[in-house]
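Position 123, counted from 1, in the sequence shown is what my numbering calls 586; the numbers after and before it change by one each time, with no gaps.
Glycine is no exception: its CB is placed at the ideal position from the N, C-alpha and C atoms.
So the structure is just underneath, and the comments pick up after that.
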Amino acid sequence: MSEKIIGLIPTRMDSSRFPGKPIADICGKPMIYWVYEQAKKVDLIDELYVVTGDDIIVQKCREEKIPYIVEKRRTSTAAQKLSLVAESVEADIFLNIQGDEPLIKPEAIEQIIEEILKNQEVYYVGLRSKIKNIKEFEDTNIVKTIVDRNNYALYFSRSPIPYKFDCDNAYRVLGLYGYRKNFLIRFSSFPESNLEILECGVEMLKAMENGFRIKLVETEYNTIGVDLPEHIALIEKELRNRIF
Numbered sequence: 464m465s466e467k468i469i470g471l472i473p474t475r476m477d478s479s480r481f482p483g484k485p486i487a488d489i490c491g492k493p494m495i496y497w498v499y500e501q502a503k504k505v506d507l508i509d510e511l512y513v514v515t516g517d518d519i520i521v522q523k524c525r526e527e528k529i530p531y532i533v534e535k536r537r538t539s540t541a542a543q544k545l546s547l548v549a550e551s552v553e554a555d556i557f558l559n560i561q562g563d564e565p566l567i568k569p570e571a572i573e574q575i576i577e578e579i580l581k582n583q584e585v586y587y588v589g590l591r592s593k594i595k596n597i598k599e600f601e602d603t604n605i606v607k608t609i610v611d612r613n614n615y616a617l618y619f620s621r622s623p624i625p626y627k628f629d630c631d632n633a634y635r636v637l638g639l640y641g642y643r644k645n646f647l648i649r650f651s652s653f654p655e656s657n658l659e660i661l662e663c664g665v666e667m668l669k670a671m672e673n674g675f676r677i678k679l680v681e682t683e684y685n686t687i688g689v690d691l692p693e694h695i696a697l698i699e700k701e702l703r704n705r706i707f
């Protein structure tokens, strides 16, 4: 019996570093449009929705004919927001597709799905990709990770890890995760953890502090996340290269 897979794109207007970024104009369309367009190319996803509590994002979704779910209850993390949806939506696997990665590759999403489908013991999956230069390695907007020999995360940090930079051993995480439903609902109940606070909101650490493991699949499909307004120009340049 096949497992039902729901893709969810959590979005909110009150980003501390870039307020209003889900509807930031990119080549004439709001950013969430481009995220949705990339994700809907994945045939393995049964249903795909933007999840938001902001009326202006709902309006943009209507204008662009993007399916959406309104969830106005306040949460501190994306996983908590998605767990509220998971409680009332029937599915086996939920994908957390970050709304600030408009260049996310469909193939990367497929890697998450394939990993969680092939192993019933895996309940939390993410992606990691190699950091190519020292500037990215030292950028606190980029969350770095190290893994064990079985590709389970040992730690996540905004600081450079490991201490010595090498393009063959330094990895970043992408804004894309897959959860089995039971774990997602349980994960959302965990209080904010000490390491999560110290790392300025890296919520994966909350799972690890409670004894859960996160499988990280290595990918070649790197992307550009939008953390600051100046990142929009980089996205537009890449999109124009693809379109024209």
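Own chain partners of residue i with C-beta closer than 6 Å, once the 5 adjacent residues on each side are dropped
| i | result |
| --- | --- |
| Lys669 | Phe653, Ser656, Glu659 |
| Tyr640 | Asn559, Gly589 |
Beta-carbon contacts of residue i that lie in its chain and below 8 Å, excluding the five residues immediately before and after
| i | result |
| --- | --- |
| Ile677 | Tyr587, Val588, Gly589, Tyr615, Ala616, Met667, Ala670, Met671 |
| Val680 | Gln574, Ile575, Glu578, Val588, Gly589, Leu590, Arg591, Asn614 |
| Val610 | Arg591, Ala616, Leu617, Tyr634, Leu679 |
| Lys535 | Gly516 |
For residue i, the three-state DSSP class (helix, strand or coil)
| i | result |
| --- | --- |
| Phe619 | strand |
| Val521 | helix |
| Arg475 | coil |
| Ile572 | helix |
| Val514 | strand |
| Tyr587 | strand |
| Phe646 | helix |
| Phe600 | helix |
| Pro565 | coil |
| Leu697 | helix |
Run of the alpha helix (DSSP H) containing residue i, from where it starts to where it stops
| i | result |
| --- | --- |
| Asn657 | 657-661 |
| Tyr684 | Tyr684 -> no alpha helix (DSSP H), and no H or E assigned at all. |
| Ser546 | 541-551 |
| Ile560 | Counting along the chain, Ile560 falls outside any alpha helix (DSSP H), though it belongs to the beta strand (DSSP E) covering 556-560. |
Inter-residue CB distance, residue i and residue j (contact presumed, cutoff 8 Å)
| i | j | result |
| --- | --- | --- |
| Asn559 | Ala571 | With a Cβ gap of about 13 Å, Asn559 and Ala571 do not count as contacting. |
| Asp488 | Gly688 | In fact, because the Cβ distance is near 17 Å, the residues do not count as touching under 8 Å. |
| Val513 | Tyr531 | 4 Å |
| Ile495 | Ile519 | Wrong, their Cβ atoms sit about 11 Å apart, outside the cutoff. |
| Ile472 | Tyr499 | 6 Å |
Endpoints, the beta strand (DSSP E) within which residue i is located
| i | result |
| --- | --- |
| Lys607 | 607-610 |
Own chain partners of residue i with C-beta closer than 7 Å, once the 5 adjacent residues on each side are dropped
| i | result |
| --- | --- |
| Phe628 | Ile597, Phe600 |
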